[in-house]
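Student: Below is a structure I'd like to ask you about.
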Amino acid sequence: MSFETIFTIIIFGFTVFFLVWRPRGMNEALPTSIGAALIIMAGIVTLADTVEILNIISGAAITIIATIIMSLVLDSIGFFRWTAVNIIKKANGSGVLLYWYICLLCFLMTLFFNNDGSILITTPIIIQIVTILNLKPHQKMPYLFAGVLVATTSSSPIAVSNLANLIALRIVGLDINAYVALMFVPTIIGITVLTLLLYLFFKKDIPKKILALPDSDHISIQLNSMYGMDHSKKHNTLVVDKFHHPLKKDPNYLPEINWSLFRICITIVIFTRASFFLGSSFGIPLEWIAMFGAFLLILVRWYRNGTGAIDVLKKTPWYILIFAFSIYVIVHALHKIGLTFVLVTYFEGLISMSHFHAIFVTGILVAILSNIFNNIPAVMIGTLSLMEMGLDTHTMHLAYLANIIGSDIGALISPMGTLATLLWIYILRLNKIPITWGKYFRVAICVIPLSLLVCLLGLYLWSRLFI
3 MSFETIFTII IFGFTVFFLV WRPRGMNEAL PTSIGAALII MAGIVTLADT VEILNIISGA
63 AITIIATIIM SLVLDSIGFF RWTAVNIIKK ANGSGVLLYW YICLLCFLMT LFFNNDGSIL
123 ITTPIIIQIV TILNLKPHQK MPYLFAGVLV ATTSSSPIAV SNLANLIALR IVGLDINAYV
183 ALMFVPTIIG ITVLTLLLYL FFKKDIPKKI LALPDSDHIS IQLNSMYGMD HSKKHNTLVV
243 DKFHHPLKKD PNYLPEINWS LFRICITIVI FTRASFFLGS SFGIPLEWIA MFGAFLLILV
303 RWYRNGTGAI DVLKKTPWYI LIFAFSIYVI VHALHKIGLT FVLVTYFEGL ISMSHFHAIF
363 VTGILVAILS NIFNNIPAVM IGTLSLMEMG LDTHTMHLAY LANIIGSDIG ALISPMGTLA
423 TLLWIYILRL NKIPITWGKY FRVAICVIPL SLLVCLLGLY LWSRLFI
């Protein structure tokens with residue numbers, strides 16, 4: 003082996019190790035940026051390569067950043083706290099209804115924002131809900147697992163809900179409308195199967211009856227350090243366990259809902275999301291639409307509330323730009339030392355046999371790689387490999403879509419498969435909710451493999467009908 007090969011493999015190994023471990027809550031941009039810097043200094047990835055990489059990842063990263071800014075604005079006007087209380091009201095004392103409402107919440111949050119952002123938003127909401135209801139530890143599990151698995155898999159139906167999906171979409175030259183036309187139905191079927199399997203797995207743990215909140219606009223949630231419900235209160239005020247919410251300003255902060263502003267902001271979010279598909283037809287870059295939507299939300303909030311943009315800009319995770327660039331530099335280095343060549347050599351013949359083989363071989367292979375290495379490098383390695391296989395355009399697009407399914411759904415077998423699942427476990431531990439890797443694996447192995455296979459089969463059958 004050459005020095006470049008050994009050096010790149012070592013850097014990749016250490017980067018993945020620290021991404022998974024994240025000691026003291028280490029930001030994921032730190033190990034990736036160090037790894038990328040070492041690779042660039044070693045000359046494995048040249049300055050010319052970095053310019054090309056910036057061109058590939060910048061639009062996707064900016065789109066995700068703008069989406070997160072929109073979620074921060076919504077949080078500042080009380081949207082997510084309002085959601086927590088109203089989900090309990092809608093459940094009307096039924097634990098089963100609560101399960102399906104939480105699944106719907108997580109699906110919509112990922113659809114309108116992104117998978118990591120959805121985990122940051124919905125996990126604290128779910129923790130808040132199960133604490134309000136004073137559920138036993140085993141009764142909390144169905145809702146918490148529904149939160150992470152549904153939120154993460156829901157990034158598959160539309161490409162703009164996942165950073166890796168967006169970057170890969172740019173590489174293969176597939177526009178967002180064609181992506182949704184081929185992927186929406188199969189992935190919705192796969193997500194539906196997953197939620198049903200998860201419900202059956204936890205059926206005995208889901209309480210039949212839960213606390214029914216009175217239908218009153220005066221119910222408030224005080225976020226403080228007290229645990230459980232304060233039964234000494236005579237009013238309709240629920241005291242909730244202190245929890246970690248990356249978007250909140252202050253643990254005791256609960257904004258009044260300005261309903262007029264609330265409706266305008268929700269309309270802007272829906273309009274922006276719809277504009278992705280309309281704008282794509284006219285060749286408008288997704289990041290321009292996302293930035294316009296974020297700017298419009300900030301402007302409306304300032305006009306109606308007099309609140310500037312400083313609070314949102316301070317909380318925005320700008321490190322995502324560094325993370326996206328750094329992880330792609332490392333993957334590009336793996337590409338240059340011949341990893342993709344190895345994959346092409348062993349799998350090109352099998353993948354090119356038929357559309358069925360292209361979908362299942364690619365989907366399962368990337369799922370395995372994702373659970374070993376994490377799905378972001380896996381989906382990029384898979385995409386670059388597909389680009390070198392000399393496949394016809396339609397076969398390559400189907401294989402790419404299977405690549406996305408493998409990285410978005412198949413990656414969930416292991417906690418290290420996605421950053422979203424690692425973030426979920428981290429938030430739960432901060433809230434003293436014990437989730438071991440073994441416990442996670444026992445649940446995931448019962449629901450993910452079958453959901454993955456159903457989704458891949460759905461893609462194959464839908465593509466035959468669609469084409």
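In this text, residue positions in the sequence shown follow our numbering: the first is 3, and each later residue adds one.
Where a beta carbon is used, it is the ideal one built from N, C-alpha and C, also for glycine.
Note that this is a predicted model, so its numbers are computed, not measured.
1. How big is the Cα-Cα spacing for residue 423 and residue 376?
2. To the nearest angstrom, report how far apart residue 380 and residue 65 are at their CA atoms.
3. Output the boundary residues of the alpha helix (DSSP H) element that contains residue 127.
4. Evaluate contact between the region 106–119 and the region 180–187, counting only Cβ atoms and requiring at least three cross-stretch pairs below 8 Å.
5. Drop a sphere of 10 angstroms on the beta-carbon of residue 343, count the other beta-carbons inside from all chains shown, and report buried for 16 or more, exposed for fewer.
6. Looking only at its chain, what residues have a beta carbon closer than 7 Å to the beta carbon of residue 111, apart from the 5 residues adjacent to it on each side?
7. Under a Cβ-count criterion, where at least 16 other Cβ atoms within 10 Å of its own Cβ denotes burial, should residue 394 be classed as buried or exposed?
8. Does residue 92 come out as helix, strand or coil in the three-state DSSP assignment?
9. So which of 118, 74, 440, 47 has the shortest CA-CA distance to residue 318?
10. With C-beta atoms as the reference, is residue 91 less than 7 Å away from residue 103?
11. Answer with buried or exposed for residue 283, where buried requires no fewer than 16 other C-beta atoms within 10 angstroms of its C-beta.
12. Give the secondary structure of residue 138 by DSSP, where H, G and I count as helix, E and B as strand, and everything else as coil.
13. For residue 316, which of helix, strand or coil comes out of DSSP?
14. Are the beta-carbon atoms belonging to residue 361 and residue 386 less than 7 Å from one another?
15. Taking 7 Å as the threshold (C-beta atoms), are residue 97 and residue 188 in contact?
16. Buried or exposed: which applies to residue 57, given that a residue is buried once 16 or more other Cβ atoms fall within 10 Å of its Cβ?
17. Assuming the contact rule is C-beta atoms closer than 8 Å, residue 476 and residue 127 should be a hit. Round their C-beta distance to whole Å, please.
18. Round the Cβ separation of residue 10 and residue 336 to the nearest angstrom and send it over; I've been treating them as touching at under 8 Å.
19. Apart from the five residues on each side of it in sequence, which residues of its chain come closer than 6 Å, Cβ to Cβ, to residue 86?
20. Using DSSP with H/G/I as helix, E/B as strand and the rest coil, what is residue 441?
21. For residue 410, report the span of its alpha helix (DSSP H) as first-last.
22. Please list the segments of the alpha helix (DSSP H) lying wholly inside the region 58–117, counting only runs of 4 or more residues, in order along the chain.
23. Would you tell me roughly how many angstroms separate the C-alpha atoms of residue 99 and residue 6, rounded to the nearest one?
24. According to the neighbour-count rule (16 or more other Cβ atoms, all chains shown, within 10 Å of its Cβ), is residue 159 buried or exposed?
25. Would you mind reading off the limits of the alpha helix (DSSP H) that contains residue 274?
26. Are residue 324 and residue 35 close, meaning C-beta to C-beta below 7 Å?
27. Suppose you measure from the CA of residue 173 to the CA of residue 134; what does that come to, to the nearest Å?
28. Beta-carbon within less than 6 Å of residue 409's beta-carbon, same chain only, minus the 5 sequence neighbours each way: which residues are those?
29. What would DSSP say about residue 338, mapped onto helix, strand or coil?
30. Can you tell me the Cα-Cα spacing of residue 302 and residue 199, whole angstroms?
31. Quick one: what does DSSP say residue 9 is sitting in, helix, strand or coil?
32. Which residue marks the beginning of the alpha helix (DSSP H) containing residue 289, and which one marks its end?
33. Hey, how far is the Cα of residue 30 from the Cα of residue 15?
34. Check each candidate in 26, 79, 37, 407 and name the one with the smallest Cα separation from residue 326.
35. Let me confirm a value: residue 230 is counted as buried when at least 16 other C-beta atoms fall within 10 Å, else exposed. Which label applies?
36. Considering only C-alpha positions, which residue in the set 350, 416, 468 is nearest to residue 446?
Tutor: Quick look at the numbers:
1. Here residue 423 refers to the residue found at position 421 when the sequence shown is read from its first residue. Here residue 376 refers to the residue found at position 374 when the sequence shown is read from its first residue. Each residue's Cα considered, the two are about 10 Å apart.
2. Translated into the one-based positions of the sequence shown, residue 380 becomes position 378. Translated into the one-based positions of the sequence shown, residue 65 becomes position 63. Between residue 380 and residue 65, the C-alpha separation is close to 21 Å.
3. Numbered from its first residue, the sequence shown carries residue 127 at position 125. Run containing residue 127: 117–134, per the alpha helix (DSSP H) assignment.
4. no
5. Taking the sequence shown and counting its residues from 1, one reaches residue 343 at position 341. That one is exposed.
6. Taking the sequence shown and counting its residues from 1, the one referred to as residue 111 is at position 109. Within the same chain, residue 111 has close Cβ partners 120, 123, 124, 153.
7. Against the sequence shown, residue 394 aligns to sequence position 392. Flag for residue 394 reads exposed.
8. Numbered from its first residue, the sequence shown carries residue 92 at position 90. Here residue 92 sits in helix by DSSP.
9. As a position in the sequence shown, residue 318 is number 316, starting the count at 1. Checking every option, the nearest Cα to that of residue 318 belongs to 74.
10. Translated into positions along the sequence shown, residue 91 becomes position 89. Translated into positions along the sequence shown, residue 103 becomes position 101. No. Outside cutoff.
11. Looking up residue 283 in the sequence shown gives position 281. Label assigned to residue 283: exposed.
12. The residue labelled residue 138 in the question sits at position 136 within the sequence shown. Looking at residue 138 - three-state DSSP - the assignment turns out to be coil, as it is neither helix nor strand.
13. On the sequence shown, position 314 is the one that residue 316 refers to. Correct three-state label for residue 316: helix.
14. Start at 1 with the first residue of the sequence shown, and residue 361 comes out as number 359. Start at 1 with the first residue of the sequence shown, and residue 386 comes out as number 384. Contact: no.
15. Start at 1 with the first residue of the sequence shown, and residue 188 comes out as number 186. Start at 1 with the first residue of the sequence shown, and residue 97 comes out as number 95. Not closer than 7 Å, so no.
16. Along the sequence shown, read from residue 1 onward, the residue named residue 57 stands at position 55. Exposed.
17. This structure does not reach residue 476, given that the chain is present from 3 up to 469, and the question cannot be answered.
18. In the sequence shown, residue 10 corresponds to position 8, counting from 1. In the sequence shown, residue 336 corresponds to position 334, counting from 1. Indeed, because the Cβ distance is near 6 Å, the residues count as touching under 8 Å.
19. Sequence index remark: in the sequence shown, residue 86 carries index 84 (1-based). For residue 86, where only same-chain residues beyond five positions count, the Cβ hits under 6 Å are 127, 130, 131.
20. The residue given as residue 441 occupies position 439 in the sequence shown. The answer is helix: DSSP assigns residue 441 an H, G or I state.
21. Within the sequence shown, the letter at position 408 stands for residue 410. First-last of the alpha helix (DSSP H) with residue 410: 395–410.
22. 81–93, 97–114
23. Taking the first residue of the sequence shown as position 1, residue 99 is located at position 97. Taking the first residue of the sequence shown as position 1, residue 6 is located at position 4. Taking the straight line joining both Cα atoms gives about 56 Å.
24. Here residue 159 refers to the residue found at position 157 of the sequence shown. Flag for residue 159 reads buried.
25. Walking along the sequence shown from the start, residue 274 turns up at place 272. Where residue 274 is concerned, the enclosing alpha helix (DSSP H) stretches over 261–283.
26. Translated into positions along the sequence shown, residue 324 becomes position 322. Translated into positions along the sequence shown, residue 35 becomes position 33. Contact: yes.
27. Position 171 of the sequence shown holds residue 173. Position 132 of the sequence shown holds residue 134. Each residue's Cα considered, the two are about 46 Å apart.
28. One-based indexing of the sequence shown puts residue 409 at position 407. Around residue 409, the same chain offers 368, 372, 377, 380, 381 as residues with beta carbons nearer than 6 Å, after the five sequence neighbours per side are excluded.
29. Taking the sequence shown and counting its residues from 1, the one referred to as residue 338 is at position 336. The answer is helix: DSSP assigns residue 338 an H, G or I state.
30. Numbered from its first residue, the sequence shown carries residue 302 at position 300. Numbered from its first residue, the sequence shown carries residue 199 at position 197. Their Cα atoms are separated by approximately 42 Å.
31. One-based indexing of the sequence shown puts residue 9 at position 7. Residue state, collapsed to three classes: helix.
32. By one-based count along the sequence shown, residue 289 stands at place 287. Looking at the DSSP string, the run of the alpha helix (DSSP H) that includes residue 289 is 288–307.
33. Looking up residue 30 in the sequence shown gives position 28. Looking up residue 15 in the sequence shown gives position 13. Their backbone Cα atoms lie some 14 Å apart in a straight line.
34. Taking the first residue of the sequence shown as position 1, residue 326 is located at position 324. Minimum Cα distance to residue 326 is reached at 37.
35. Here the question's residue 230 lines up with position 228 in the sequence shown. Residue confidence is low: residue 230 scores 33 on pLDDT, short of 50, so the model does not pin down where it sits. Its coordinate-derived value is still stated next. By the neighbour-count rule (16 or more Cβ atoms within 10 Å), residue 230 is not buried but exposed.
36. As a working mapping, residue 446 is identified with position 444 in the sequence shown. Checked all of 350, 416, 468; the closest Cα to residue 446 is 416.
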